[in-house]
Amino acid sequence: MTTGDGLSEFRWGTRFLVRLLHVYFAISRGMTLGVRAACFDRDGRVFLVRHSYVPGWHLPGGGVERGETALDALVKELREEGHLVMAEAPQLFHLYFNPRISRRDHVLLYRVTVEQTAPRLPDREIVEVGFFSLDALPEDTTTATRARLAEISGTQPVSHHW
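Just so it is clear: in the sequence shown, position 138 is 138 by full-length UniProt numbering, and no numbers are missing.
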């Protein structure tokens, strides 16, 4: 789909770059590790993001870089993707294997109570963000995101695969 603003070409280029980076990481690292967070505000709503380069609504997060702790990566990703700060210490919920990315990819999922310090305006990476009630998630929330939220809420058994 061409939007007239050049974003369709950017999305293709970004998707290619993301795939290229995953190939590089698979070669250069024994394992890739990411962090994601189910971020809840004081009203119990969950924070979700919609990226420019992949479809659907997702939990915020990203990769843990060499020399970075998972907690440092979590703090960074929450700040970058939503202007979020943790109101309490994060709780590690589970470690998942993510074979859809590669045979080496793992994701740490945290449950976090957050506060948003400023509105998150759209840019080339994040096109939309929002807090949503668990019973009113956006229609195109990804299957994995819905599954993780169901696991956290206790309505679905915990899987070991993202």
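Cβ atoms here follow ideal geometry from the backbone N, Cα and C, with glycine treated the same way.
Excluding sequence positions up to five away, which residues of its chain have a Cβ less than 7 Å from the Cβ of residue i?
i	result
Gly61	Gly34, Val35, Arg36, Ala37 and Glu77
Leu134	Val46, Leu149 and Ser153
Return the chain-ordered list of same chain residues with a C-beta closer than 6 Å to the C-beta of residue i, the five sequence neighbours on each side being excluded.
i	result
Gly63	Gly34
Gly82	Phe47, Pro60, Arg120 and Val129
Glu65	none
Ala118	His83
Leu108	Val35, Ala70 and Leu95
Pro138	Trp57
Look at the alpha carbon of residue i and the alpha carbon of residue j, and state the distance between them as a whole number of angstroms.
i	j	result
Tyr110	Pro122	24 Å
residue 170	Arg45	With the chain running from 1 to 162 in the structure shown, residue 170 is simply not present.
Phe93	Phe16	31 Å
Tyr24	Gly30	11 Å
Trp162	Arg148	8 Å
Gly67	Leu20	21 Å
Arg39	Ser159	Checking the displayed sequence, the identity of residue 39 turns out to be Cys instead of Arg. Whole-angstrom Cα-Cα distance: 19 Å.
Arg146	Asn98	15 Å
His106	Glu80	21 Å
Under 9 Å, do residue i and residue j count as touching if we go by C-beta distance?
i	j	result
Leu84	Phe132	no
Thr141	Trp57	yes
Ser52	Arg100	no
Val49	Ile126	yes
Thr14	Arg104	no
Glu115	Asp41	yes
Can you list, in chain order, the residues of its chain with a C-beta nearer than 8 Å to that of residue i? Leave out the 5 residues immediately preceding and following it.
i	result
residue 167	In the structure as shown, the chain starts at 1 and stops at 162, and residue 167 therefore has no counterpart that could be examined.
ask   = Along the chain, which unbroken stretches of the alpha helix (DSSP H) at least 4 residues long are found entirely within the region 78-153?
value = 143-153
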